[in-house]
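Quick note on numbering: the sequence shown equals residues -12 to 83 in this note's numbering.
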Amino acid sequence: MDIKEELRIIKRGTEEIISEEELIKKIEKSRKEKRPLRVKQGFDPNAPDIHLGHTVGLRKMRQFQDSGHDVYFLIGDFTGMIGDPSGKSITRKQLT
(Lines of atoms letter the chains of each structure in order from A and count residues from 1; the text may use other names and numbers.)
(Lines give C-alpha, C1' and ligand atoms only; values in the text may rest on other atoms or scores of the structure.)
Protein backbone atom coordinates (compact mmCIF):
# COMPACT_ATOMS: atom_id res chain seq x y z
CA MET A 1 0.00 0.00 0.00
CA ASP A 2 1.38 3.42 -0.89
CA ILE A 3 1.61 6.34 1.54
CA LYS A 4 -1.41 8.13 0.05
CA GLU A 5 -3.60 5.05 0.59
CA GLU A 6 -2.29 4.56 4.13
CA LEU A 7 -2.96 8.21 4.96
CA ARG A 8 -6.46 7.94 3.48
CA ILE A 9 -7.21 4.99 5.75
CA ILE A 10 -5.79 6.73 8.82
CA LYS A 11 -7.74 9.92 8.07
CA ARG A 12 -11.03 8.06 7.58
CA GLY A 13 -13.39 8.88 10.44
CA THR A 14 -11.16 11.53 11.98
CA GLU A 15 -12.17 15.10 12.56
CA GLU A 16 -8.66 16.51 12.47
CA ILE A 17 -5.06 15.34 12.34
CA ILE A 18 -2.81 17.83 14.00
CA SER A 19 0.21 18.24 11.78
CA GLU A 20 -0.69 15.98 8.90
CA GLU A 21 2.66 16.87 7.35
CA GLU A 22 4.41 15.48 10.43
CA LEU A 23 2.45 12.23 10.15
CA ILE A 24 3.45 11.90 6.49
CA LYS A 25 7.11 12.45 7.43
CA LYS A 26 6.86 9.78 10.14
CA ILE A 27 5.30 7.27 7.74
CA GLU A 28 7.96 8.02 5.10
CA LYS A 29 10.75 7.61 7.67
CA SER A 30 9.16 4.38 8.91
CA ARG A 31 9.19 2.94 5.40
CA LYS A 32 12.68 4.17 4.58
CA GLU A 33 14.12 2.63 7.77
CA LYS A 34 11.89 -0.45 7.48
CA ARG A 35 10.69 0.12 11.05
CA PRO A 36 7.01 0.33 11.96
CA LEU A 37 5.55 3.31 13.77
CA ARG A 38 4.82 2.78 17.47
CA VAL A 39 1.30 3.99 18.15
CA LYS A 40 0.09 4.19 21.76
CA GLN A 41 -3.27 4.61 23.47
CA GLY A 42 -3.61 4.98 27.22
CA PHE A 43 -6.33 3.90 29.61
CA ASP A 44 -7.08 5.02 33.15
CA PRO A 45 -7.28 2.03 35.50
CA ASN A 46 -9.54 4.00 37.84
CA ALA A 47 -12.30 4.11 35.24
CA PRO A 48 -15.03 1.61 36.04
CA ASP A 49 -15.16 0.23 32.51
CA ILE A 50 -14.21 0.55 28.89
CA HIS A 51 -17.25 1.87 27.05
CA LEU A 52 -18.43 2.30 23.49
CA GLY A 53 -16.65 5.64 23.17
CA HIS A 54 -13.32 3.86 23.44
CA THR A 55 -14.01 1.92 20.24
CA VAL A 56 -13.15 4.96 18.11
CA GLY A 57 -9.55 4.89 19.29
CA LEU A 58 -9.40 1.10 19.32
CA ARG A 59 -10.55 0.91 15.70
CA LYS A 60 -8.01 3.54 14.69
CA MET A 61 -5.31 1.52 16.44
CA ARG A 62 -6.41 -1.52 14.43
CA GLN A 63 -6.05 0.49 11.20
CA PHE A 64 -2.47 1.36 12.15
CA GLN A 65 -1.85 -2.31 12.96
CA ASP A 66 -3.32 -3.41 9.62
CA SER A 67 -0.89 -0.98 7.94
CA GLY A 68 2.02 -2.83 9.56
CA HIS A 69 2.66 -0.61 12.57
CA ASP A 70 3.03 -1.63 16.21
CA VAL A 71 0.30 -0.66 18.65
CA TYR A 72 0.63 -0.43 22.42
CA PHE A 73 -2.05 -0.14 25.07
CA LEU A 74 -0.89 1.69 28.17
CA ILE A 75 -2.43 1.40 31.61
CA GLY A 76 -1.81 4.44 33.82
CA ASP A 77 -0.25 2.69 36.82
CA PHE A 78 0.76 5.94 38.53
CA THR A 79 -2.78 7.24 38.15
CA GLY A 80 -3.93 3.92 39.57
CA MET A 81 -1.77 4.42 42.66
CA ILE A 82 -2.70 8.04 43.41
CA GLY A 83 -6.23 8.10 42.05
CA ASP A 84 -7.82 10.74 39.86
CA PRO A 85 -6.35 14.10 40.96
CA SER A 86 -8.93 16.05 38.94
CA GLY A 87 -11.83 14.94 41.12
CA LYS A 88 -13.72 13.79 38.02
CA SER A 89 -14.03 10.29 39.42
CA ILE A 90 -16.77 11.44 41.78
CA THR A 91 -20.00 9.80 40.70
CA ARG A 92 -22.55 12.22 39.30
CA LYS A 93 -26.20 12.12 40.19
CA GLN A 94 -28.25 10.16 37.70
CA LEU A 95 -30.39 12.28 35.41
CA THR A 96 -33.99 11.25 34.92
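Idealized CB from N, CA, C, for every residue including glycine.
- DSSP places residue -3 within a helical segment (H, G or I) once states are collapsed to three.
- By the 16-neighbour rule on beta-carbons within 10 angstroms, residue 51 is buried.
- Residue 32 is a Cβ neighbour of residue 63, given a cutoff of 8 Å.
- Going by beta carbons, residue -7 and residue 54 fall inside the 8 Å limit.
- Checking the DSSP bridge columns, you'll see residue 30 partnered with 62.
- Excluding the 5 residues flanking it on each side, residue 43 has same chain C-beta neighbours closer than 8 Å at 0, in chain order.
- In the same chain as residue 13, and ignoring 5 residues on each side of it, the C-beta atoms closer than 7 Å to its own belong to 24, in chain order.
- In the DSSP assignment, residue 44 falls within the unbroken alpha helix (DSSP H) covering 42 to 53.
- Around residue -2, the same chain offers 4 as residues with beta carbons nearer than 7 Å, after the five sequence neighbours per side are excluded.
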